[in-house]
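Undergrad: Below you will find the structure I want to go over with you.
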Amino acid sequence: MSGSVTRTDGHSGEAWVALARQRIMRTYPDTDVVFASGHGSWLVDTDGEEWLDFLSGIAVVALGHAHPAVTRAVAEQAATLVHTSNLFLTTPALELAERLAVLAGWPDARVFFAQCGATANEAAIKLARRHGKLQHPDKVRIVTLEGSFHGRTLATLEATGQAGKHAPFMPLAGFVDTVAHDDPAALTAAVGADTCAVLLEVVQGEGGVRPLDAQMLAAARAACDAHGALLMVDEVQTGVGRTGSWFAFQQTDIVPDVMTLAKALGNGLPIGACIARGPAADALQPGEHATTFGGNPVTAAAALAVLDVIESEGILGSVATRAAQLRMGFADLAAATGTVLEVRGVGLLLGVVLAAPVAADVAQRCRAARLVVNAVAPDVLRLAPPLNVSIEEVDLALEILGTAITEAFTAAGVPAPHATASRTS
Ligand SMILES: *Cc1c(COP(=O)(O)O)cnc(C)c1O
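Residue numbers (my numbering): 3 to 427.
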């Protein structure tokens, strides 16, 4: 092999997995499957096997794999204009900025385009610092919540309220104060004169699919107003229809000053956005932030197609219907076996809370049955199917999940606490 590149034509699934193990940095868990194509809610692996995708590339492929409208928009834009750098604007980026401002309901919004969730949040954090420093030179601290996830760059890692993710990279810069996700008094106390922003998710995604309560959101809004800080909502996972509204904050009583988007915005094309209203929209001035690929016309065209399809196919409405079907299925399973304690989350971002810490084993058993789901906590499975998933696909997933959950409890020797089963809510 020395000196020559490994040939991949005609590779078997096994050979692809071997190449992955040899050539890709080990930042992710060991791989045992490589995918070659996808259509709708289905992925196809390098052996031609079909997998039902109830994770949608982690809430990214909201319209399903290879949606024809997105494919067409990307192909047309790729044949028209691919890149100009941030020295020049292009029509898709401008149309997208206008659409996002309208969907947010923010007439004075301005948008900064990034490539992903972390880079959208980086922009938000820098924006908040500029906004803070205009009031006081030391107003640069941000408050975030335990269990949050905001990305893996150094600043967004620090904003992520998960000590285990910080540990290998300590020391961090030390500009973040983290409080419990369910303690409004602690949040109020943490925001002070040196706080430039509170950054939070309306539903914590990676942190276990945990919706914040209304009191927590109200406390965040009030504390920001009291101290001239910005309320920044990270809608990277919840935004663009996932929860059944365009943005999750639209189902709450708060309006943030800044929101960030990424995952579903491009249905798999890498685009992120930081959207600000009011004085926050003017906090970043010329030369203070930039990125070469931001607002790239191909990714912006994909995002425009995503917004069109969500509107024209009435997707926001079907999110609630499919979510109800899933919840009903788990309520039946809970009543019959007691293995499921609760289904939490909003819309089609659901966390299935199990009565024992067997979520990883359940996810593994689902994979063996070619259903993709993941464990976000020892006792919580995350489901985030495509928003246009069909009734039949939901039924199939429920069947596989029911079997996998029951088997995992049996394998762990955990008697399902049938008598104490609570209803899913
Ligand atoms: C995924 C995610 C991010 C990070 O997005 P990347 O595109 O992986 O950088 C940030 N915030 C939330 C809420 C996320 O779910």
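All C-beta atoms, glycine included, are put in the ideal place defined by N, C-alpha and C.
1. Just confirm the distance between the C-beta atoms of V260 and I277, as a whole number of angstroms; I'd bet it's less than 8 Å.
2. Check this for me: beta carbons of P299 and T92, under 7 Å apart or not?
3. Give every residue of the same chain whose Cβ lies closer than 6 Å to the Cβ of R101, excluding the five residues on either side of it in the sequence, and list them in chain order.
4. Considering only the beta carbon of each residue, do C451 and A338 sit closer than 7 Å?
5. Below 8 Å on the Cβ atoms is my contact criterion, and I expect G349 with A305 to pass it. Report the Cβ-Cβ distance as a whole number of Å.
6. Between E203 and ligand 1, is there a pair consisting of the residue's CB and a ligand heavy atom that are separated by less than 6 Å?
7. Taking three-plus beta-carbon pairs below 8 Å as touching, is the region 66-75 in contact with the region 212-228?
8. Using only the alpha-carbon positions, how far apart do G38 and G12 sit?
9. Please work out which residues of its chain come closer than 7 Å, Cβ to Cβ, to T294, disregarding the five sequence neighbours upstream and downstream, and give them in chain order.
10. Alpha carbon to alpha carbon, how far is V238 from H41? Give it in angstroms, no decimals.
11. Measure the C-alpha to C-alpha separation of S424 and M172 and round it to an integer number of angstroms.
12. So what's D448 in DSSP terms, helix, strand or just coil?
13. Take V311 and list the residues in its own chain whose beta-carbon comes closer than 8 Å to its own, dropping the five residues that flank it on each side.
14. Please specify which runs of the alpha helix (DSSP H), each continuous and at least 4 residues long, are wholly inside the region 165-199, giving them in chain order.
15. Thinking C-beta only, is L351 closer than 7 Å to V205?
16. Taking the straight line between their C-alpha atoms, what separation do you get for L96 and G59?
17. Let me confirm a value: P94 is counted as buried when at least 16 other C-beta atoms fall within 10 Å, else exposed. Which label applies?
18. What first and last residue would you give for the beta strand (DSSP E) that runs through G347?
19. Suppose only complete runs of 3+ residues qualify. What are the beta strand (DSSP E) ranges in the region 36-64, listed by chain order?
20. Excluding the 5 residues preceding and the 5 following G241 in the sequence, name in chain order all residues of the same chain whose CB lies nearer than 6 Å to its CB.
21. When the distance is taken between beta carbons, is R324 closer than 7 Å to V391?
22. Would you call the region 372-387 and the region 278-286 touching, i.e. three or more CB-CB distances under 8 Å?
23. Who are A278's beta bridge partners in DSSP?
24. Specify, as a first and last residue, the run of the alpha helix (DSSP H) that L491 falls within.
25. Can you tell me whether L174 is buried or exposed? The criterion is at least 16 other CB atoms within 10 Å of its CB, across all chains shown.
26. May I have the straight-line CA-CA distance separating A379 from G209, to the nearest angstrom?
27. Quick one: measure Cβ to Cβ for V211 and G353, integer angstroms, because I've assumed they're closer than 8 Å.
28. So, with DSSP's three-state summary, where would you put G119?
29. Would you mind working out which of E124, E394, V374 sits nearest L45, comparing C-alpha positions?
30. Comparing the CB of C118 with every heavy atom of ligand 1, is any distance shorter than 6 Å?
31. Where G119 and S150 are concerned, what is the direct C-alpha to C-alpha distance, given to the nearest angstrom?
TA: In terms of the structure at hand:
1. 7 Å
2. yes
3. Hits under 6 Å: L309.
4. Because the chain in this structure spans residues 3 to 427, residue 451 falls outside the shown range and cannot be described.
5. The pair is not a contact, with the Cβ atoms about 19 Å apart (cut-off 8 Å).
6. yes
7. no
8. As written in the sequence, residue 38 is Ala, which differs from the Gly given in the question. Spanning the two alpha carbons is a distance of roughly 13 Å.
9. S87, N88
10. 23 Å
11. Only weak support is given to the placement of S424: the predicted model assigns it a pLDDT of 48, under 50, and the value that follows is read from those uncertain coordinates. For S424 and M172, the distance between alpha carbons rounds to 42 Å.
12. Residue coverage of the chain in this structure runs from 3 to 427, which leaves residue 448 outside it and unanswerable.
13. L65, H69, A71, V72, I317
14. Every alpha helix (DSSP H) of 4 residues or more that sits fully in the region 165-199 is shown, in chain order, as 165-168, 186-192.
15. yes
16. 27 Å
17. buried
18. 342-348
19. 37-41, 44-47, 52-55
20. F249, L263
21. yes
22. Contact between the region 372-387 and the region 278-286 is not established, with fewer than three Cβ pairs separated by less than 8 Å.
23. Beta-bridge analysis with DSSP links A278 to R112, V260.
24. Lying before the first or after the last residue shown, residue 491 is absent from the chain, which here runs from 3 to 427.
25. L174 is exposed by the Cβ-count criterion.
26. 7 Å
27. Between G353 and V211 the Cβ distance is about 3 Å, and since that is below 8 Å, they are a contact.
28. helix
29. V374
30. yes
31. 13 Å
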